[in-house]
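Encoded as structure tokens, the structure appears first; notes follow it.
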Amino acid sequence: MNDYILQLTDITKIYSNGVVANRNISVDFKKGEIHSVVGENGAGKSTLMKMIFGIESPSSGKIIHKGKEVAFSGSMEAILSGIGMVHQHFMLIDDFTVAQNIVLGMEPKQKKVFLDKKAAIKVTKELAQKYNFKLDVTKKVSGLTVGAKQKVEILKTLYRDAEVIILDEPTAVLTPQETEALFANLKQFKEMGHTIIFISHKLNEVKQISDRITIMQNGESRGTFNNEDITMEQMTELIVGRKVSLFYDDLKELKPERSKAFEVRNLDLKVQDVPILKDISFAIREGEILGIAGVQENGQSELVQILSGLLPAQGGSWKIFEEDITKYSVDQKRHAGLAYIPEDRMKEGVAKGANVAENLISTFFDRQDLNGKILMNQKGVSSLADSMIKMFSIKTKNAKSKIESLSGGNIQKVVVAREVNTQPKVMIAEQPTRGIDIGSAEFIHKKLIEMRNSNIAILLVSADLNEVMEVSDRLLVMYEGEIVAHIENIKDITEKELGLYMLGVKRQDEESLKGAYLC
């Protein structure tokens with residue numbers, strides 16, 4: 005009997021512009037296993053999953069599902085054949101209930117026309133109970149947590165009888181507790197005969213949950229391994245092509261007593277009378293990285309926008325050393341020594357349509373060595389851009405290449421290079437490694453620590469717990485617009501305990517929270 009529910013044989017995908025996304029990939033997925041697929045951005049994971057799910061077709065090779073060769077003409081054909089996919093960015097309708105979202109497109113009908121709401125509630129409630137999902141199926145999706153929304157997406161695939169479930173970065177925005185609950189569900193699915201294809205950048209979680217692991221690099225497979233036969237360090241080396249640092253403590257220089265470089269006091273924000281930020285106060289010393297952890301949409305993004313000058317505050321003040329910059333414009337804040345790596349590199353970090361050099365020097369227009377009598381001094385611009393490209397290991401054909409031609413990791417390096425070279429006193433880094441490859445993430449982490457060691461104060465805001473715990477010196481946790489925990493020594497707290505603060509289950513007393521700004 006064939007144990008494989010899905011087999012890919014010599015799959016190649018070449019786009020019309022000549023780009024080879026996948027080359028001769030062969031991998032088998034067993035019935036009732038959790039099979040992880042890992043690799044850097046651009047390694048070909050997404051393209052491979054799109055071909056399995058019918059969104060794209062291979063240029064050559066075979067996809068065999070349950071012993072028969074298939075050629076899906078769209079995702080609906082894949083769904084009807086028992087293949088489901090939960091995308092990283094959920095595809096739910098907020099104004100619909102849980103039940104309505106689950107049955108959407110395959111609704112039980114009254115008189116063959118109208119949605120039978122009672123039947124929809126009954127069938128989805130039974131489905132949730134079968135898989136031990138605690139969900140109120142009559143509740144609107146808009147009122148759910150991120151973890152609950154993910155459960156709705158998974159139930160959508162199970163409602164359609166998915167035997168193979170593809171999960172794309174499923175833990176990217178989950179707390180440790182939500183991740184633990186998800187893994188318990190995945191193990192249950194496995195026991196019930198479902199095949200889980202798990203796509204993730206978090207190698208510690210891949211090791212925790214997988215039966216087998218397929219590693220991809222540059223559109224090719226580097227092999228499929230039993231979990232017990234490969235270490236995390238070996239995985240990293242196969243993914244990147246070299247050894248990568250996963251821990252950074254040995255890079256951090258011990259600092260004597262330092263001055264407060266950045267101080268925020270009593271910051272408030274309301275939107276339509278709804279409190280978004282409530283009395284936020286903290287300080288960062290010279291040569292220190294202060295991390296902010298929290299589930300997304302708990303005020304972190306608004307905090308960063310206010311501090312960087314993109315959003316007006318309604319109360320509070322902040323200063324760099326003794327200079328009050330509360331009412332400064334964005335440009336004035338920059339001149340005072342504030343630099344900012346934004347969350348969305350393409351929307352806020354770079355100028356689309358401009359070339360690499362123009363993006364690298366976009367904050368240096370007032371430098372005399374770059375200004376000619378009328379136009380920019382192109383020789384000076386090229387010289388500065390070339391030195392930054394070399395210093396930050398930016399992979400580009402040359403400085404005149406369009407910014408869009410670079411990979412995500414290299415675009416992020418352009419943003420980081422530009423901000424670092426403003427020689428700031430304070431750096432705000434918001435999700436600095438989101439969606440980029442392991443090698444680029446390691447490079448950026450090392451640059452942040454290098455800046456720290458040069459006495460720059462850094463505010464690191466990230467949804468990646470591994471990142472904030474490995475890179476930061478101290479840590480704050482935000483929940484519903486408030487600081488609920490101040491962790492002076494990160495080694496004294498576990499991810500699980502941190503998760504309790506992130507979920508609002510725990511909160512420190514006021515005396516402990518004062519440490520955030522009395523540092």
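So our numbering is basically just the index in the sequence shown, starting at one, shifted up by 4. Where a beta carbon is used, it is the ideal one built from N, C-alpha and C, also for glycine.
Distance CB(residue i)-CB(residue j) smaller than 7 angstroms
i: Asp102; j: Val141; result: According to the sequence shown, residue 102 is Val rather than Asp. The answer is yes: Cβ separation under 7 angstroms.
i: Asn26; j: Gly223; result: yes
i: Ile201; j: His93; result: no
i: Val430; j: Ile324; result: yes
i: Leu271; j: Ile284; result: yes
i: Ala75; j: Phe57; result: no
i: Gly88; j: Thr161; result: yes
i: Ser204; j: Glu182; result: no
i: Pro346; j: Gly357; result: no
i: Gly43; j: Ile217; result: no
i: Glu306; j: Leu273; result: yes
i: Lys17; j: Ser50; result: no
i: Tyr521; j: Phe286; result: yes
i: Ala461; j: Phe251; result: no
i: Ala403; j: Ala361; result: yes
i: Lys194; j: Gly36; result: yes
i: Ser476; j: Ile293; result: yes
i: Thr524; j: Thr367; result: This structure cannot settle anything about residue 524, because the visible part of the chain is limited to 5 through 523.
i: Gln11; j: Ile59; result: no
i: Arg246; j: Gly291; result: no
i: Ile365; j: Leu480; result: no
i: Gln309; j: Val177; result: no
Contact belief for residue i with residue j at Cβ below 8 angstroms, rounded distance in angstroms
i: Arg572; j: Lys264; result: This structure cannot settle anything about residue 572, because the visible part of the chain is limited to 5 through 523.
i: Leu131; j: Leu159; result: 6 angstroms
i: Ile9; j: Lys70; result: 6 angstroms
i: Gly86; j: Asp14; result: Contact doesn't hold; Cβ gap of about 23 angstroms is too wide.
i: Ile393; j: Asn359; result: The Cβ separation is near 12 angstroms, so there is no contact.
i: Val168; j: Val156; result: Actually they are not in contact, since the Cβ atoms of Val168 and Val156 sit about 19 angstroms apart, beyond 8 angstroms.
i: Gly341; j: Pro428; result: 5 angstroms
i: Glu209; j: Thr175; result: 6 angstroms
i: Met220; j: Ala47; result: 4 angstroms
i: Met482; j: Gln304; result: 6 angstroms
With 16 other Cβ atoms within 10 Å as the buried cut-off, status of residue i
i: Arg526; result: Residue 526 cannot be examined here, being either before or after the span of the chain that is shown, 5 to 523.
i: Pro260; result: exposed
i: Ile97; result: exposed
i: Asp441; result: buried
i: Asn302; result: buried
i: Met5; result: Only weak support exists for where Met5 lies, its pLDDT of 42 falling under 50; the value from the coordinates is given anyway. Burial call: exposed.
i: Ser61; result: exposed
i: Thr498; result: exposed
i: Ala355; result: exposed
i: Thr199; result: buried
i: Arg289; result: buried
i: Ser214; result: buried
i: His449; result: buried
i: Ala188; result: exposed
i: Gly109; result: exposed
i: Leu258; result: exposed
i: Ser516; result: exposed
i: Tyr163; result: buried
i: Lys451; result: buried
i: Met473; result: buried
i: Asn363; result: buried
i: Lys518; result: exposed
i: Lys206; result: buried
i: Asn105; result: buried
i: Phe118; result: exposed
Where the beta strand (DSSP E) through residue i begins and ends
i: Leu171; result: 168 to 172
i: Thr199; result: 199 to 203
i: Gly227; result: 224 to 230
i: Tyr8; result: 8 to 18
i: Thr218; result: 216 to 221
i: Phe266; result: 264 to 275
i: Glu261; result: Looking at the DSSP string, Glu261 is not in any beta strand (DSSP E), and its letter there is neither H nor E.
i: Glu434; result: 430 to 434
i: Asp233; result: Careful: Asp233 lies outside any beta strand (DSSP E) and carries neither H nor E.
Boundaries (first-last residue) of the alpha helix (DSSP H) holding residue i
i: Ala461; result: It is not in any alpha helix (DSSP H) - Ala461 instead sits in the beta strand (DSSP E) that spans 461 to 465.
i: Glu529; result: Because the chain is modelled from 5 through 523, residue 529 falls outside the range shown and cannot be assessed.
i: Met53; result: 49 to 56
i: Lys34; result: Where Lys34 is concerned, there is no enclosing alpha helix (DSSP H), although the beta strand (DSSP E) it sits in stretches over 24 to 34.
i: Phe447; result: 442 to 457
query: Pairing CB atoms from the stretch 458 to 471 with CB atoms from the stretch 426 to 445, are three or more of them under 8 angstroms?
result: yes
- prompt: If we count Cβ pairs, one from each stretch, closer than 8 angstroms, do we get three or more for the stretch 393 to 411 versus the stretch 308 to 319?
  reply: no
query: Should the stretch 481 to 500 be called in touch with the stretch 508 to 517, which here means at least 3 C-beta pairs below 8 angstroms?
result: yes
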